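The numbering used here runs 8 ahead of the 1-based position in the sequence shown.
Glycine included, every Cβ here is placed at the ideal spot set by N, Cα and C.
Quantities reported herein were computed from a predicted structural model and do not represent experimental measurements.
Single-structure report; data block below.
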Amino acid sequence: MSMIRLAPGISIDERALDWQFARASGPGGQNVNKVETAVVLRLALGAVPFPPGVRARLEEAAGRRVTNDGDLVIHAQRFRSQERNKADALERLIALVSAARLPPRPRLPTRVSKGQKKKRLADKANRSHIKSHRRRPGGDD
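Written out as C-alpha coordinates, the structure is:
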(Lines of atoms letter the chains of each structure in order from A; the text may use other names.)
(Lines give C-alpha, C1' and ligand atoms only; values in the text may rest on other atoms or scores of the structure.)
Protein backbone atom coordinates (compact mmCIF):
# COMPACT_ATOMS: atom_id res chain seq x y z
CA MET A 9 0.00 0.00 0.00
CA SER A 10 1.76 3.11 -1.24
CA MET A 11 0.78 6.53 0.06
CA ILE A 12 1.02 9.67 -2.07
CA ARG A 13 1.74 12.88 -0.17
CA LEU A 14 -0.36 15.68 -1.68
CA ALA A 15 0.52 18.35 0.86
CA PRO A 16 1.84 18.52 4.42
CA GLY A 17 -0.65 16.58 6.53
CA ILE A 18 -2.61 15.29 3.50
CA SER A 19 -1.77 11.87 2.10
CA ILE A 20 -3.88 9.47 0.07
CA ASP A 21 -3.64 5.83 -0.82
CA GLU A 22 -2.42 5.27 -4.36
CA ARG A 23 -5.45 3.02 -4.95
CA ALA A 24 -7.78 6.02 -4.44
CA LEU A 25 -6.60 7.41 -7.79
CA ASP A 26 -8.35 6.11 -10.88
CA TRP A 27 -6.19 6.33 -14.01
CA GLN A 28 -7.71 6.11 -17.48
CA PHE A 29 -5.89 6.42 -20.77
CA ALA A 30 -7.04 7.64 -24.18
CA ARG A 31 -5.62 8.72 -27.49
CA ALA A 32 -4.39 12.29 -27.32
CA SER A 33 -4.94 14.98 -29.90
CA GLY A 34 -2.07 16.98 -31.33
CA PRO A 35 1.38 15.93 -32.52
CA GLY A 36 2.54 12.37 -32.15
CA GLY A 37 3.97 11.23 -35.46
CA GLN A 38 3.25 7.62 -36.32
CA ASN A 39 2.08 6.90 -32.76
CA VAL A 40 -0.80 9.37 -32.77
CA ASN A 41 -3.39 6.84 -33.98
CA LYS A 42 -2.00 3.82 -32.11
CA VAL A 43 -0.87 4.77 -28.62
CA GLU A 44 -3.04 5.99 -25.76
CA THR A 45 -0.89 8.76 -24.29
CA ALA A 46 -3.56 11.07 -22.83
CA VAL A 47 -4.21 10.56 -19.12
CA VAL A 48 -7.42 11.14 -17.18
CA LEU A 49 -6.89 11.19 -13.42
CA ARG A 50 -10.00 10.81 -11.26
CA LEU A 51 -10.04 11.22 -7.47
CA ALA A 52 -13.15 10.72 -5.35
CA LEU A 53 -12.97 13.67 -2.96
CA GLY A 54 -15.30 11.98 -0.46
CA ALA A 55 -12.80 9.14 0.03
CA VAL A 56 -9.97 11.47 1.07
CA PRO A 57 -9.90 12.70 4.69
CA PHE A 58 -9.22 16.40 4.12
CA PRO A 59 -8.74 18.77 7.08
CA PRO A 60 -11.69 21.12 7.75
CA GLY A 61 -12.26 23.70 5.02
CA VAL A 62 -9.73 22.23 2.58
CA ARG A 63 -12.29 20.26 0.56
CA ALA A 64 -14.51 23.33 0.04
CA ARG A 65 -11.53 25.44 -1.07
CA LEU A 66 -10.36 22.61 -3.33
CA GLU A 67 -13.79 22.32 -4.99
CA GLU A 68 -13.85 26.09 -5.50
CA ALA A 69 -10.33 26.15 -6.96
CA ALA A 70 -10.99 23.16 -9.24
CA GLY A 71 -14.20 24.67 -10.64
CA ARG A 72 -15.61 22.61 -13.51
CA ARG A 73 -13.09 19.83 -12.94
CA VAL A 74 -15.26 18.58 -10.04
CA THR A 75 -18.18 16.42 -11.19
CA ASN A 76 -21.65 16.29 -9.65
CA ASP A 77 -20.62 13.01 -7.99
CA GLY A 78 -17.80 14.79 -6.14
CA ASP A 79 -14.95 13.45 -8.27
CA LEU A 80 -12.01 15.63 -9.24
CA VAL A 81 -11.04 14.96 -12.88
CA ILE A 82 -7.73 16.09 -14.37
CA HIS A 83 -6.95 15.64 -18.09
CA ALA A 84 -3.29 15.59 -19.14
CA GLN A 85 -2.17 15.32 -22.74
CA ARG A 86 0.57 17.91 -22.99
CA PHE A 87 3.35 15.40 -23.64
CA ARG A 88 3.81 12.60 -26.15
CA SER A 89 4.45 9.88 -23.57
CA GLN A 90 1.97 8.34 -21.19
CA GLU A 91 4.43 8.40 -18.28
CA ARG A 92 5.09 12.14 -18.59
CA ASN A 93 1.36 12.87 -18.86
CA LYS A 94 0.75 10.72 -15.79
CA ALA A 95 3.39 12.66 -13.85
CA ASP A 96 1.92 15.95 -15.12
CA ALA A 97 -1.58 15.01 -13.93
CA LEU A 98 -0.23 14.04 -10.50
CA GLU A 99 1.76 17.31 -10.24
CA ARG A 100 -1.36 19.31 -11.09
CA LEU A 101 -3.35 17.44 -8.43
CA ILE A 102 -0.64 18.15 -5.85
CA ALA A 103 -0.57 21.83 -6.85
CA LEU A 104 -4.37 22.11 -6.50
CA VAL A 105 -4.40 20.49 -3.06
CA SER A 106 -1.42 22.56 -1.87
CA ALA A 107 -3.14 25.77 -2.94
CA ALA A 108 -6.42 24.74 -1.28
CA ARG A 109 -4.66 23.80 1.97
CA LEU A 110 -3.82 27.42 2.75
CA PRO A 111 -6.77 29.54 3.88
CA PRO A 112 -7.25 32.82 2.01
CA ARG A 113 -5.71 35.89 3.59
CA PRO A 114 -8.33 38.17 5.11
CA ARG A 115 -8.74 41.51 3.41
CA LEU A 116 -7.54 44.41 5.48
CA PRO A 117 -9.73 47.49 5.08
CA THR A 118 -7.86 50.52 3.82
CA ARG A 119 -8.60 54.23 3.99
CA VAL A 120 -8.22 57.00 1.46
CA SER A 121 -5.37 59.29 2.52
CA LYS A 122 -5.89 62.99 3.20
CA GLY A 123 -3.62 63.90 0.30
CA GLN A 124 -5.69 61.81 -2.10
CA LYS A 125 -8.91 63.43 -0.85
CA LYS A 126 -7.45 66.92 -1.31
CA LYS A 127 -6.21 66.08 -4.80
CA ARG A 128 -9.60 64.67 -5.80
CA LEU A 129 -11.43 67.77 -4.55
CA ALA A 130 -8.90 70.06 -6.26
CA ASP A 131 -9.36 68.15 -9.54
CA LYS A 132 -13.14 68.47 -9.21
CA ALA A 133 -12.85 72.21 -8.60
CA ASN A 134 -10.52 72.61 -11.57
CA ARG A 135 -12.89 70.67 -13.83
CA SER A 136 -15.81 72.79 -12.65
CA HIS A 137 -13.81 75.94 -13.39
CA ILE A 138 -12.98 74.72 -16.92
CA LYS A 139 -16.60 73.85 -17.65
CA SER A 140 -17.89 77.14 -16.27
CA HIS A 141 -15.72 79.02 -18.80
CA ARG A 142 -17.40 77.16 -21.66
CA ARG A 143 -20.72 78.82 -20.92
CA ARG A 144 -21.98 81.82 -22.84
CA PRO A 145 -21.10 85.04 -21.05
CA GLY A 146 -23.95 87.01 -19.54
CA GLY A 147 -26.11 84.36 -17.95
CA ASP A 148 -28.63 81.68 -18.88
CA ASP A 149 -29.38 82.01 -22.60
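- Look at residue 121 here: in three-state DSSP terms it is coil, with no helix or strand label.
- Look at the segment 26-96 and you find these whole runs of alpha helix (DSSP H), each 4 residues long or longer: 62-70.
- Taking all protein chains in view, the Cβ of residue 47 is crowded by 16 or more other Cβ atoms within 10 Å, so the residue is classified as buried.
- Burial state of residue 138 is exposed, judged by a 10 Å Cβ sphere holding fewer than 16 other Cβ atoms.
- In the three-state reduction of the DSSP assignment, residue 143 falls in the coil class, being assigned neither a helical nor a strand state.
- Straight across, the Cα-Cα distance linking residue 52 with residue 115 is about 32 Å.
- By the criterion of a C-beta distance shorter than 8 Å, residue 11 is surrounded in its chain by 19, 20, 21 and 22, once the five residues flanking it on both sides are discounted.
- Only residues of its own chain outside the window of five on either side were considered, and among them 24 have a CB closer than 6 Å to the CB of residue 55, listed in chain order.
- By DSSP's assignment, residue 21 forms a beta bridge with 11.
- In this structure, residue 90 and residue 29 form a Cβ contact; the two beta carbons are roughly 6 Å apart against a cut-off of 8 Å.
- A check of alpha carbon separations from residue 101 across 124, 126 and 74 identifies 74 as the nearest.
- One thing to note: residue 65 has its Cβ within 7 Å of the Cβ of residue 108.
- In the structure shown, residue 101 adopts helical secondary structure according to DSSP, grouped into three states.
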